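Numbering (the UniProt record's numbering), first residue to last: 1 to 505.
Following this line, the structure appears as C-alpha coordinates:
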(Lines of atoms letter the chains of each structure in order from A; the text may use other names.)
(Lines give C-alpha, C1' and ligand atoms only; values in the text may rest on other atoms or scores of the structure.)
Protein backbone atom coordinates (compact mmCIF):
# COMPACT_ATOMS: atom_id res chain seq x y z
CA UNK A 1 0.00 0.00 0.00
CA UNK A 2 2.83 2.42 0.84
CA UNK A 3 4.36 1.82 -2.59
CA UNK A 4 1.02 2.51 -4.24
CA UNK A 5 0.66 5.77 -2.32
CA UNK A 6 4.12 6.84 -3.49
CA UNK A 7 3.10 6.08 -7.07
CA UNK A 8 0.01 8.23 -6.67
CA UNK A 9 2.19 11.00 -5.26
CA UNK A 10 4.26 10.73 -8.43
CA UNK A 11 1.20 11.71 -10.45
CA UNK A 12 1.53 15.18 -8.96
CA UNK A 13 5.29 15.40 -9.47
CA UNK A 14 6.54 18.80 -10.66
CA UNK A 15 3.12 20.42 -10.34
CA UNK A 16 3.31 23.98 -9.03
CA UNK A 17 0.69 26.65 -8.41
CA UNK A 18 1.71 30.13 -9.41
CA UNK A 19 1.40 32.63 -6.62
CA UNK A 20 1.87 30.01 -3.93
CA UNK A 21 5.55 29.20 -3.73
CA UNK A 22 5.12 27.17 -0.57
CA UNK A 23 3.62 24.33 -2.63
CA UNK A 24 5.64 22.57 -5.29
CA UNK A 25 2.85 22.30 -7.81
CA UNK A 26 2.01 23.75 -11.18
CA UNK A 27 -0.86 22.88 -13.46
CA UNK A 28 0.24 22.16 -17.03
CA UNK A 29 -2.50 23.14 -19.47
CA UNK A 30 -2.38 19.74 -21.09
CA UNK A 31 -3.32 18.06 -17.81
CA UNK A 32 -6.13 20.17 -16.40
CA UNK A 33 -6.99 23.74 -15.61
CA UNK A 34 -8.20 24.12 -12.04
CA UNK A 35 -10.09 27.13 -10.72
CA UNK A 36 -9.93 27.69 -6.98
CA UNK A 37 -11.84 30.01 -4.70
CA UNK A 38 -11.46 29.94 -0.94
CA UNK A 39 -14.32 30.82 1.37
CA UNK A 40 -13.41 30.84 5.06
CA UNK A 41 -16.78 32.06 6.36
CA UNK A 42 -19.21 29.81 8.13
CA UNK A 43 -22.20 28.96 5.94
CA UNK A 44 -24.39 27.25 8.50
CA UNK A 45 -25.99 28.24 11.78
CA UNK A 46 -25.46 25.93 14.69
CA UNK A 47 -23.72 22.62 14.63
CA UNK A 48 -24.24 19.12 15.81
CA UNK A 49 -24.67 16.94 18.80
CA UNK A 50 -21.83 16.15 21.14
CA UNK A 51 -23.38 13.14 22.80
CA UNK A 52 -21.30 10.02 23.04
CA UNK A 53 -24.06 7.68 24.15
CA UNK A 54 -25.21 4.74 22.11
CA UNK A 55 -28.85 5.24 21.23
CA UNK A 56 -31.02 2.63 19.59
CA UNK A 57 -33.10 3.40 16.52
CA UNK A 58 -36.69 4.46 17.22
CA UNK A 59 -39.19 3.46 14.61
CA UNK A 60 -41.98 5.89 15.29
CA UNK A 61 -42.04 9.06 13.25
CA UNK A 62 -41.62 12.40 14.92
CA UNK A 63 -40.88 15.98 14.04
CA UNK A 64 -37.21 16.28 12.98
CA UNK A 65 -35.01 17.96 15.53
CA UNK A 66 -31.96 20.12 14.93
CA UNK A 67 -29.05 19.85 17.32
CA UNK A 68 -25.91 21.95 17.40
CA UNK A 69 -22.33 21.09 16.59
CA UNK A 70 -19.48 22.47 18.72
CA UNK A 71 -16.91 24.54 16.85
CA UNK A 72 -13.62 22.88 16.13
CA UNK A 73 -10.15 23.86 15.11
CA UNK A 74 -9.50 24.20 11.40
CA UNK A 75 -8.84 21.05 9.43
CA UNK A 76 -5.27 20.41 8.49
CA UNK A 77 -3.55 17.68 6.56
CA UNK A 78 -0.07 16.31 6.97
CA UNK A 79 2.43 17.98 4.66
CA UNK A 80 3.92 14.67 3.57
CA UNK A 81 3.44 10.96 3.95
CA UNK A 82 6.56 10.63 6.10
CA UNK A 83 6.07 13.45 8.58
CA UNK A 84 4.18 12.97 11.78
CA UNK A 85 1.02 14.78 12.73
CA UNK A 86 1.06 18.35 14.07
CA UNK A 87 1.46 18.29 17.82
CA UNK A 88 -1.41 20.59 18.71
CA UNK A 89 -3.80 20.16 15.79
CA UNK A 90 -5.27 16.72 15.13
CA UNK A 91 -8.59 17.56 13.59
CA UNK A 92 -8.35 15.59 10.34
CA UNK A 93 -7.85 11.84 9.90
CA UNK A 94 -4.67 12.19 7.87
CA UNK A 95 -3.08 14.04 10.77
CA UNK A 96 -3.58 11.14 13.15
CA UNK A 97 -0.76 8.67 13.92
CA UNK A 98 -0.28 5.97 11.33
CA UNK A 99 -1.58 3.34 13.75
CA UNK A 100 -4.91 5.14 13.72
CA UNK A 101 -4.94 5.47 9.94
CA UNK A 102 -4.01 1.90 9.12
CA UNK A 103 -3.90 0.86 5.51
CA UNK A 104 -6.37 -1.89 4.80
CA UNK A 105 -3.58 -4.16 3.56
CA UNK A 106 -1.48 -3.75 6.69
CA UNK A 107 -1.88 -5.70 9.95
CA UNK A 108 -4.65 -4.51 12.20
CA UNK A 109 -3.34 -2.78 15.34
CA UNK A 110 -4.28 -4.75 18.48
CA UNK A 111 -6.25 -1.88 19.97
CA UNK A 112 -8.42 -1.71 16.85
CA UNK A 113 -8.86 -5.40 16.20
CA UNK A 114 -12.13 -5.58 18.13
CA UNK A 115 -13.73 -2.37 16.87
CA UNK A 116 -16.44 -3.33 14.42
CA UNK A 117 -15.40 -6.55 12.77
CA UNK A 118 -18.78 -8.26 13.07
CA UNK A 119 -22.41 -7.35 13.06
CA UNK A 120 -22.71 -8.44 16.68
CA UNK A 121 -20.09 -5.88 17.71
CA UNK A 122 -21.39 -3.05 15.56
CA UNK A 123 -23.05 -0.14 17.30
CA UNK A 124 -24.43 3.16 16.33
CA UNK A 125 -21.51 5.29 17.44
CA UNK A 126 -21.53 9.00 18.00
CA UNK A 127 -20.51 11.29 15.19
CA UNK A 128 -18.60 13.63 17.49
CA UNK A 129 -15.25 11.79 17.24
CA UNK A 130 -14.06 13.27 20.52
CA UNK A 131 -12.70 9.84 21.35
CA UNK A 132 -11.07 9.38 17.92
CA UNK A 133 -13.55 6.68 17.01
CA UNK A 134 -13.26 6.96 13.24
CA UNK A 135 -9.60 7.44 12.54
CA UNK A 136 -8.84 4.37 10.45
CA UNK A 137 -10.16 3.45 7.06
CA UNK A 138 -12.52 0.50 7.18
CA UNK A 139 -13.96 -0.86 3.93
CA UNK A 140 -17.05 -2.04 5.78
CA UNK A 141 -18.04 1.57 6.27
CA UNK A 142 -18.04 2.52 2.65
CA UNK A 143 -21.30 0.88 1.76
CA UNK A 144 -22.81 3.93 0.19
CA UNK A 145 -23.71 4.18 -3.41
CA UNK A 146 -22.55 7.22 -5.33
CA UNK A 147 -24.50 9.90 -7.00
CA UNK A 148 -27.07 9.00 -9.61
CA UNK A 149 -28.65 11.29 -12.09
CA UNK A 150 -32.32 11.76 -12.82
CA UNK A 151 -34.61 10.57 -15.57
CA UNK A 152 -34.58 14.06 -17.09
CA UNK A 153 -30.88 13.58 -17.75
CA UNK A 154 -30.51 13.06 -21.53
CA UNK A 155 -28.01 10.24 -21.15
CA UNK A 156 -30.67 7.80 -19.98
CA UNK A 157 -32.14 7.61 -23.48
CA UNK A 158 -29.34 9.01 -25.62
CA UNK A 159 -29.29 7.02 -28.88
CA UNK A 160 -26.04 8.63 -30.05
CA UNK A 161 -23.86 7.52 -27.14
CA UNK A 162 -20.54 6.19 -28.43
CA UNK A 163 -19.41 2.64 -27.77
CA UNK A 164 -15.67 3.31 -27.55
CA UNK A 165 -13.88 1.94 -24.52
CA UNK A 166 -12.48 4.32 -21.93
CA UNK A 167 -9.04 5.65 -22.69
CA UNK A 168 -6.33 7.17 -20.49
CA UNK A 169 -5.78 10.89 -20.60
CA UNK A 170 -2.77 12.24 -22.51
CA UNK A 171 0.31 12.35 -20.32
CA UNK A 172 2.88 15.09 -21.00
CA UNK A 173 5.48 13.34 -18.83
CA UNK A 174 6.27 9.79 -19.95
CA UNK A 175 7.89 9.06 -16.58
CA UNK A 176 4.71 9.90 -14.73
CA UNK A 177 2.73 6.80 -13.67
CA UNK A 178 -0.68 6.43 -15.26
CA UNK A 179 -3.78 4.38 -14.68
CA UNK A 180 -4.31 1.64 -17.25
CA UNK A 181 -7.71 0.49 -18.55
CA UNK A 182 -7.61 -3.13 -17.38
CA UNK A 183 -11.08 -4.30 -18.40
CA UNK A 184 -13.99 -2.69 -20.20
CA UNK A 185 -17.52 -4.04 -20.00
CA UNK A 186 -19.59 -2.99 -23.01
CA UNK A 187 -23.35 -2.56 -22.98
CA UNK A 188 -25.94 -1.47 -25.53
CA UNK A 189 -26.94 1.58 -23.47
CA UNK A 190 -25.39 3.96 -20.96
CA UNK A 191 -23.91 2.31 -17.87
CA UNK A 192 -25.02 4.22 -14.80
CA UNK A 193 -23.62 2.48 -11.75
CA UNK A 194 -21.03 0.01 -10.52
CA UNK A 195 -20.10 -1.07 -7.00
CA UNK A 196 -17.32 -3.25 -5.64
CA UNK A 197 -18.35 -6.01 -3.27
CA UNK A 198 -16.81 -5.40 0.19
CA UNK A 199 -14.47 -8.39 -0.27
CA UNK A 200 -13.06 -6.74 -3.41
CA UNK A 201 -13.17 -9.95 -5.46
CA UNK A 202 -16.20 -9.02 -7.55
CA UNK A 203 -18.17 -5.97 -8.62
CA UNK A 204 -21.70 -5.33 -9.85
CA UNK A 205 -22.71 -3.20 -12.83
CA UNK A 206 -26.12 -1.76 -13.70
CA UNK A 207 -27.12 -0.06 -16.94
CA UNK A 208 -29.91 1.70 -18.78
CA UNK A 209 -30.52 -1.57 -20.62
CA UNK A 210 -32.09 -2.89 -17.36
CA UNK A 211 -29.29 -5.47 -17.13
CA UNK A 212 -27.54 -6.39 -13.88
CA UNK A 213 -24.13 -8.05 -14.10
CA UNK A 214 -21.67 -9.31 -11.52
CA UNK A 215 -18.07 -9.46 -12.74
CA UNK A 216 -14.87 -10.99 -11.40
CA UNK A 217 -12.10 -8.65 -10.26
CA UNK A 218 -9.01 -9.65 -12.27
CA UNK A 219 -5.53 -10.40 -11.01
CA UNK A 220 -3.43 -7.25 -11.33
CA UNK A 221 0.01 -8.48 -10.28
CA UNK A 222 0.99 -9.02 -13.92
CA UNK A 223 -0.38 -5.69 -15.17
CA UNK A 224 2.05 -3.82 -17.43
CA UNK A 225 2.14 -0.44 -19.16
CA UNK A 226 1.53 -2.10 -22.54
CA UNK A 227 -1.52 -3.97 -21.25
CA UNK A 228 -4.32 -4.64 -23.74
CA UNK A 229 -7.79 -3.97 -22.34
CA UNK A 230 -10.08 -7.00 -22.27
CA UNK A 231 -13.67 -7.86 -21.37
CA UNK A 232 -14.22 -8.82 -17.72
CA UNK A 233 -15.44 -12.26 -16.72
CA UNK A 234 -19.19 -12.03 -16.10
CA UNK A 235 -20.16 -14.38 -13.27
CA UNK A 236 -23.84 -13.47 -13.15
CA UNK A 237 -26.15 -11.72 -15.61
CA UNK A 238 -29.81 -10.85 -15.34
CA UNK A 239 -31.62 -9.04 -18.14
CA UNK A 240 -34.73 -7.02 -17.32
CA UNK A 241 -33.68 -6.85 -13.69
CA UNK A 242 -35.91 -3.77 -13.45
CA UNK A 243 -38.65 -2.51 -15.74
CA UNK A 244 -36.55 0.60 -16.24
CA UNK A 245 -32.94 1.73 -16.13
CA UNK A 246 -30.79 0.72 -13.15
CA UNK A 247 -29.80 4.04 -11.61
CA UNK A 248 -28.01 2.99 -8.43
CA UNK A 249 -26.89 0.05 -6.32
CA UNK A 250 -25.27 -0.75 -2.99
CA UNK A 251 -23.97 -3.67 -0.91
CA UNK A 252 -24.31 -4.12 2.82
CA UNK A 253 -20.98 -3.74 4.68
CA UNK A 254 -20.68 -7.53 4.99
CA UNK A 255 -21.83 -8.09 1.40
CA UNK A 256 -24.77 -10.40 2.08
CA UNK A 257 -27.40 -8.08 0.62
CA UNK A 258 -27.61 -5.98 -2.52
CA UNK A 259 -30.07 -3.24 -3.40
CA UNK A 260 -30.77 -1.59 -6.75
CA UNK A 261 -32.89 1.44 -7.63
CA UNK A 262 -34.54 2.36 -10.91
CA UNK A 263 -36.60 4.91 -12.78
CA UNK A 264 -39.40 2.34 -12.65
CA UNK A 265 -39.85 3.82 -9.12
CA UNK A 266 -38.90 0.60 -7.34
CA UNK A 267 -36.07 -0.65 -5.16
CA UNK A 268 -35.10 -4.31 -5.31
CA UNK A 269 -33.54 -5.97 -2.29
CA UNK A 270 -31.74 -9.28 -2.84
CA UNK A 271 -29.72 -11.74 -0.80
CA UNK A 272 -26.26 -12.49 -2.22
CA UNK A 273 -23.96 -15.47 -1.78
CA UNK A 274 -20.33 -14.35 -2.27
CA UNK A 275 -19.14 -17.97 -2.47
CA UNK A 276 -21.22 -18.67 -5.57
CA UNK A 277 -21.44 -15.04 -6.79
CA UNK A 278 -25.17 -15.53 -7.24
CA UNK A 279 -28.34 -13.97 -5.93
CA UNK A 280 -30.32 -16.30 -3.70
CA UNK A 281 -33.88 -16.60 -2.50
CA UNK A 282 -36.83 -14.42 -3.29
CA UNK A 283 -36.08 -10.78 -4.01
CA UNK A 284 -38.10 -8.05 -2.30
CA UNK A 285 -39.54 -5.26 -4.41
CA UNK A 286 -40.15 -1.98 -2.58
CA UNK A 287 -42.73 0.35 -4.12
CA UNK A 288 -42.96 3.27 -1.69
CA UNK A 289 -41.26 5.76 -4.02
CA UNK A 290 -43.34 7.76 -6.51
CA UNK A 291 -40.42 8.84 -8.67
CA UNK A 292 -37.02 7.72 -9.94
CA UNK A 293 -34.87 6.17 -7.22
CA UNK A 294 -31.58 8.04 -7.51
CA UNK A 295 -29.48 6.52 -4.74
CA UNK A 296 -29.41 3.83 -2.06
CA UNK A 297 -27.13 2.99 0.87
CA UNK A 298 -27.12 0.67 3.88
CA UNK A 299 -26.79 1.25 7.62
CA UNK A 300 -26.42 -1.36 10.35
CA UNK A 301 -29.00 -1.59 13.15
CA UNK A 302 -27.04 -3.16 16.02
CA UNK A 303 -30.06 -3.26 18.32
CA UNK A 304 -31.81 -5.73 16.02
CA UNK A 305 -28.69 -7.12 14.34
CA UNK A 306 -30.12 -6.27 10.95
CA UNK A 307 -29.47 -3.92 8.06
CA UNK A 308 -31.37 -0.77 7.23
CA UNK A 309 -31.78 0.39 3.65
CA UNK A 310 -31.84 4.11 2.90
CA UNK A 311 -33.28 5.19 -0.46
CA UNK A 312 -34.09 8.54 -2.02
CA UNK A 313 -34.96 10.13 -5.31
CA UNK A 314 -37.51 12.13 -7.26
CA UNK A 315 -41.26 12.39 -6.82
CA UNK A 316 -42.12 13.39 -3.26
CA UNK A 317 -38.38 13.90 -2.52
CA UNK A 318 -38.64 11.81 0.63
CA UNK A 319 -35.93 9.53 1.98
CA UNK A 320 -37.22 6.14 3.07
CA UNK A 321 -35.79 3.82 5.73
CA UNK A 322 -36.49 0.11 5.23
CA UNK A 323 -35.87 -2.72 7.67
CA UNK A 324 -34.16 -5.39 5.57
CA UNK A 325 -35.22 -8.14 7.98
CA UNK A 326 -38.90 -7.50 7.34
CA UNK A 327 -38.74 -5.81 3.95
CA UNK A 328 -40.94 -3.02 5.26
CA UNK A 329 -40.32 0.72 4.94
CA UNK A 330 -41.05 2.10 8.40
CA UNK A 331 -39.93 5.72 8.15
CA UNK A 332 -40.18 8.53 5.58
CA UNK A 333 -37.84 11.47 6.12
CA UNK A 334 -39.08 14.80 4.76
CA UNK A 335 -37.12 17.99 4.32
CA UNK A 336 -35.69 18.26 0.83
CA UNK A 337 -37.57 20.49 -1.59
CA UNK A 338 -35.90 18.98 -4.66
CA UNK A 339 -34.96 15.56 -5.98
CA UNK A 340 -32.56 13.63 -3.76
CA UNK A 341 -29.55 12.92 -5.97
CA UNK A 342 -27.01 11.38 -3.60
CA UNK A 343 -26.78 9.51 -0.28
CA UNK A 344 -23.75 8.55 1.80
CA UNK A 345 -23.14 6.77 5.10
CA UNK A 346 -19.74 6.53 6.78
CA UNK A 347 -20.68 4.28 9.70
CA UNK A 348 -23.04 4.46 12.64
CA UNK A 349 -26.51 5.94 12.61
CA UNK A 350 -25.78 9.02 10.52
CA UNK A 351 -25.92 9.65 6.79
CA UNK A 352 -26.01 12.64 4.47
CA UNK A 353 -28.13 13.47 1.44
CA UNK A 354 -27.54 15.85 -1.45
CA UNK A 355 -30.40 17.38 -3.38
CA UNK A 356 -31.37 19.42 -6.38
CA UNK A 357 -32.61 22.01 -3.86
CA UNK A 358 -28.89 22.92 -3.37
CA UNK A 359 -28.70 21.64 0.18
CA UNK A 360 -26.93 18.86 2.03
CA UNK A 361 -28.83 17.40 4.97
CA UNK A 362 -27.37 15.44 7.86
CA UNK A 363 -29.68 12.75 9.24
CA UNK A 364 -29.40 10.85 12.50
CA UNK A 365 -31.71 7.86 12.94
CA UNK A 366 -31.29 8.15 16.71
CA UNK A 367 -33.20 11.45 16.58
CA UNK A 368 -35.45 10.24 13.76
CA UNK A 369 -34.78 13.29 11.63
CA UNK A 370 -32.51 15.94 10.17
CA UNK A 371 -29.91 17.36 12.56
CA UNK A 372 -28.21 19.85 10.25
CA UNK A 373 -28.70 21.55 6.89
CA UNK A 374 -25.86 23.00 4.82
CA UNK A 375 -25.98 24.95 1.57
CA UNK A 376 -22.50 24.65 0.02
CA UNK A 377 -21.52 27.93 -1.62
CA UNK A 378 -20.15 27.40 -5.13
CA UNK A 379 -20.04 31.10 -6.02
CA UNK A 380 -18.52 33.11 -3.13
CA UNK A 381 -19.17 36.41 -4.90
CA UNK A 382 -22.92 35.91 -5.11
CA UNK A 383 -23.06 33.56 -2.11
CA UNK A 384 -25.13 31.18 -4.24
CA UNK A 385 -25.30 27.41 -4.13
CA UNK A 386 -25.93 24.90 -6.90
CA UNK A 387 -27.72 21.53 -7.15
CA UNK A 388 -25.79 18.89 -5.19
CA UNK A 389 -25.21 15.95 -7.53
CA UNK A 390 -22.68 14.02 -5.43
CA UNK A 391 -21.57 13.85 -1.81
CA UNK A 392 -19.01 11.96 0.23
CA UNK A 393 -17.71 12.07 3.81
CA UNK A 394 -14.20 11.01 4.82
CA UNK A 395 -13.82 7.99 7.13
CA UNK A 396 -13.49 10.17 10.24
CA UNK A 397 -16.84 11.83 9.62
CA UNK A 398 -15.28 15.30 9.77
CA UNK A 399 -14.82 16.35 6.15
CA UNK A 400 -17.71 16.55 3.66
CA UNK A 401 -17.09 17.00 -0.05
CA UNK A 402 -19.98 17.95 -2.31
CA UNK A 403 -20.03 17.91 -6.11
CA UNK A 404 -22.27 20.27 -8.03
CA UNK A 405 -23.82 20.73 -11.45
CA UNK A 406 -21.77 23.90 -12.06
CA UNK A 407 -18.53 21.80 -11.98
CA UNK A 408 -17.62 22.90 -8.44
CA UNK A 409 -16.56 20.82 -5.46
CA UNK A 410 -16.86 22.21 -1.94
CA UNK A 411 -14.85 21.04 1.08
CA UNK A 412 -16.87 21.46 4.27
CA UNK A 413 -15.60 21.13 7.85
CA UNK A 414 -18.45 19.27 9.57
CA UNK A 415 -17.32 19.84 13.14
CA UNK A 416 -16.36 23.46 12.55
CA UNK A 417 -19.51 24.17 10.56
CA UNK A 418 -17.74 26.07 7.78
CA UNK A 419 -16.72 25.82 4.15
CA UNK A 420 -12.99 25.38 3.67
CA UNK A 421 -12.70 25.76 -0.07
CA UNK A 422 -14.52 25.66 -3.39
CA UNK A 423 -12.57 24.34 -6.37
CA UNK A 424 -13.38 23.16 -9.88
CA UNK A 425 -11.62 19.97 -10.98
CA UNK A 426 -14.00 19.57 -13.95
CA UNK A 427 -15.46 21.75 -16.69
CA UNK A 428 -18.96 20.29 -16.39
CA UNK A 429 -21.24 18.61 -13.83
CA UNK A 430 -19.52 16.68 -11.04
CA UNK A 431 -21.48 13.44 -10.74
CA UNK A 432 -19.46 11.25 -8.39
CA UNK A 433 -17.05 11.74 -5.48
CA UNK A 434 -15.06 9.19 -3.49
CA UNK A 435 -12.06 9.25 -1.14
CA UNK A 436 -9.20 6.86 -1.93
CA UNK A 437 -8.57 3.90 0.42
CA UNK A 438 -5.99 5.98 2.30
CA UNK A 439 -8.19 9.12 2.19
CA UNK A 440 -5.23 11.12 0.90
CA UNK A 441 -6.83 11.59 -2.52
CA UNK A 442 -10.23 12.46 -3.95
CA UNK A 443 -11.59 10.81 -7.09
CA UNK A 444 -14.25 12.73 -9.01
CA UNK A 445 -16.22 11.91 -12.15
CA UNK A 446 -17.69 14.55 -14.43
CA UNK A 447 -19.77 15.20 -17.48
CA UNK A 448 -16.60 16.50 -19.16
CA UNK A 449 -15.82 12.78 -19.82
CA UNK A 450 -13.00 12.76 -17.25
CA UNK A 451 -11.99 11.12 -13.98
CA UNK A 452 -9.88 13.49 -11.90
CA UNK A 453 -7.67 12.79 -8.89
CA UNK A 454 -7.12 15.61 -6.37
CA UNK A 455 -4.36 15.57 -3.75
CA UNK A 456 -5.76 16.40 -0.30
CA UNK A 457 -2.43 16.45 1.54
CA UNK A 458 -1.45 19.77 3.08
CA UNK A 459 -3.57 22.74 4.10
CA UNK A 460 -7.12 22.24 2.83
CA UNK A 461 -7.69 26.01 2.55
CA UNK A 462 -4.94 26.37 -0.08
CA UNK A 463 -5.15 25.41 -3.79
CA UNK A 464 -5.24 21.66 -4.34
CA UNK A 465 -3.47 19.98 -7.30
CA UNK A 466 -5.61 17.86 -9.61
CA UNK A 467 -4.75 15.59 -12.54
CA UNK A 468 -6.87 13.70 -15.07
CA UNK A 469 -6.36 9.98 -14.48
CA UNK A 470 -8.92 8.47 -16.88
CA UNK A 471 -11.15 9.52 -19.73
CA UNK A 472 -14.19 8.20 -21.59
CA UNK A 473 -15.65 9.18 -24.96
CA UNK A 474 -18.86 10.43 -23.31
CA UNK A 475 -20.08 11.63 -19.91
CA UNK A 476 -18.72 9.83 -16.86
CA UNK A 477 -21.56 9.01 -14.48
CA UNK A 478 -19.87 7.32 -11.53
CA UNK A 479 -16.50 6.32 -10.10
CA UNK A 480 -15.73 3.83 -7.34
CA UNK A 481 -12.46 2.94 -5.59
CA UNK A 482 -11.60 -0.68 -4.91
CA UNK A 483 -11.99 -1.37 -1.15
CA UNK A 484 -8.28 -2.07 -0.59
CA UNK A 485 -6.34 -1.43 -3.80
CA UNK A 486 -5.54 1.66 -5.82
CA UNK A 487 -7.83 0.74 -8.68
CA UNK A 488 -11.24 2.14 -9.54
CA UNK A 489 -14.32 1.62 -11.68
CA UNK A 490 -15.88 4.22 -13.94
CA UNK A 491 -19.23 4.06 -15.71
CA UNK A 492 -20.17 6.20 -18.65
CA UNK A 493 -22.75 7.29 -21.17
CA UNK A 494 -20.39 5.79 -23.78
CA UNK A 495 -22.01 2.45 -22.78
CA UNK A 496 -19.00 1.08 -20.92
CA UNK A 497 -17.82 0.30 -17.40
CA UNK A 498 -14.03 0.35 -17.14
CA UNK A 499 -11.68 -0.89 -14.44
CA UNK A 500 -8.54 1.25 -14.08
CA UNK A 501 -5.38 0.39 -12.14
CA UNK A 502 -1.76 1.43 -11.64
CA UNK A 503 0.70 -1.18 -12.92
CA UNK A 504 2.89 -2.54 -10.09
CA UNK A 505 6.49 -1.42 -9.87
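Don't be surprised by glycine CBs; every beta carbon is placed ideally from N, CA and C. Given the structure is predicted, the values throughout are model-derived calculations rather than measurements.
In the DSSP assignment, residue 446 falls within the unbroken beta strand (DSSP E) covering 441–446.
Residue pairing of residue 248 in beta bridges, as defined by DSSP: 261.
Burial state of residue 205 is buried, judged by a 10 Å Cβ sphere holding 16 or more other Cβ atoms. Taken atom to atom, the span from the alpha-carbon of residue 479 to that of residue 191 is near 11 Å. A distance below 6 Å between beta-carbons, with the five flanking residues on each side excluded, links residue 283 to the following residues of its chain, in chain order: 268, 270. Burial is judged here by how many other beta carbons sit within 10 angstroms of a residue's own beta carbon; residue 401 has at least 16 and is buried.
Around the C-beta of residue 260, 16 or more other C-beta atoms lie within 10 Å, and the residue is accordingly described as buried. The beta carbons of residue 176 and residue 10 sit about 6 Å from each other, so the pair counts as a contact at 8 Å. Across the set 264, 258, 243, the C-alpha of 258 shows the shortest separation from the C-alpha of residue 281. Rounded to the nearest whole angstrom, the CA to CA distance from residue 383 to residue 491 is 33 Å. Residue 278 counts as exposed, since fewer than 16 other C-beta atoms from the protein chains shown sit within 10 angstroms of its C-beta. Between the alpha carbons of residue 244 and residue 334 lies a distance of about 25 Å.
In this structure residue 454 is in contact with residue 425, their Cβ atoms being roughly 6 Å apart against a cut-off of 8 Å. Each residue's CA atom was taken as its position, placing residue 297 and residue 317 some 16 Å apart.
Of the residues 350, 207, 377, 469, the one whose Cα lies closest to the Cα of residue 486 is 469. Annotated three-state conformation of residue 7 is helix, per DSSP. By the beta-carbon neighbour count (other beta carbons within 10 angstroms, threshold 16), residue 225 is exposed. Taking all protein chains in view, the Cβ of residue 495 is crowded by 16 or more other Cβ atoms within 10 Å, so the residue is classified as buried. For the region 452–481, the full-length beta strand (DSSP E) segments reaching 3 residues or more read 466–471, 476–481 along the chain. The beta-carbon distance between residue 203 and residue 489, rounded to whole angstroms, is 6 Å. This is short enough to meet the 8 Å contact definition.
Bounds of the beta strand (DSSP E) holding residue 270 are 267–273. Cβ atoms of residue 395 and residue 346 come within 8 Å of each other, at about 6 Å. Collapsing the DSSP output to three states places residue 2 in a helix.
Collapsing the DSSP output to three states places residue 217 in coil.
Assignment of residue 226 by DSSP, reduced to helix, strand and coil, places it in the coil class.
Where residue 486 is concerned, there is no enclosing beta strand (DSSP E), because DSSP gives it neither an H nor an E.
If you look at residue 306, you'll find it in the beta strand (DSSP E) that goes 306–313. Residue 202 sits in a strand when the DSSP states are folded into three classes. Within the DSSP bridge table, the entry for residue 382 names no partner. Residue pairing for residue 301: DSSP places it in a beta bridge opposite 306. Residue 235 sits in a strand when the DSSP states are folded into three classes. In the displayed model, residue 404 falls within a strand according to three-state DSSP. Residue pairing by DSSP places residue 432 opposite 445 in a beta bridge.
Here residue 264 is actually not in contact with residue 241; their C-beta atoms are around 10 Å apart, not less than 8 Å.
Residue 190 carries a coil assignment under DSSP once its states are collapsed to helix, strand and coil.
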